[in-house]
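Student: Quick one: the structure is below, questions incoming.
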Amino acid sequence: MGKTALIVDDSPTMRQMVAFTLTNAGFTVIEAQDGKDAVNKVAGGGKMDVVVTDLNMPEMDGIALIKELRKLSAFRFTPILMLTTESAAEKKQAGKEAGATGWIVKPFNPEILLKTIARVLPA
Ligand SMILES: [Mg+2]
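Position in the sequence shown (first residue = 1) + 82 = this note's numbering.
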């Protein structure tokens, strides 16, 4: 069965680029515009194989989103990657503590994203 990815970013352009990359790699893609939207979209029990989220977003940021997702049994072990312009060590630490699996710094590079996903996805 195909894998599903949840993409969360407040930039439509960024969502489009990530969605294009993952769709081409065979994923079914669900998009959300911020953390709150993402939580709403998985509230029905939607299970994702991987989550790629931005950090800085209105309503609910990436770190708050990760904390919310980690409370759900369906997301306890789901790889969650942060894709952000933010590279400060304390932000990365906060992400790690919230339960982020990995951290990728923008500008967006499709190859790096796919390699990182391949590394964190169970075969
Ligand atoms: Mg943003």
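From the three backbone atoms N, C-alpha and C, an ideal C-beta is built for every residue, glycine too. All of these numbers come straight from a predicted model, not from anything done at the bench.
What does the alpha-carbon distance come out to for the pair F124 and V90?
Tutor: It is Val, not Phe, that sits at residue 124 in the sequence shown. Looking at the two C-alpha atoms, the distance is approximately 12 Å.
Student: Are the segment 183-201 and the segment 162-172 touching, with three or more C-beta to C-beta distances below 8 Å?
Tutor: They touch, by the three-pair rule.
Student: Taking 7 Å as the cut-off, is the C-beta of S93 nearer than that to any heavy atom in ligand 1?
Tutor: Flag set: Cβ of S93 near ligand 1.
Student: DSSP three-state call for T103: helix, strand or coil?
Tutor: Looking at T103 - three-state DSSP - the assignment turns out to be helix.
Student: I believe D131 touches D92 by the beta-carbon criterion, under 8 Å. Please report the beta-carbon distance rounded to the nearest angstrom.
Tutor: That pair is no contact at about 23 Å.
Student: DSSP on G184, reduced to helix/strand/coil?
Tutor: Residue state, collapsed to three classes: strand.
Student: Can you tell me whether N138 sits near ligand 1, meaning its C-beta is under 7 Å from at least one heavy atom of the ligand?
Tutor: Correct: N138 has its Cβ closer than 7 Å to ligand 1.
Student: Please report the distance separating the alpha-carbon of A114 from that of A171.
Tutor: The alpha-carbon atoms of A114 and A171 are separated by roughly 26 Å.
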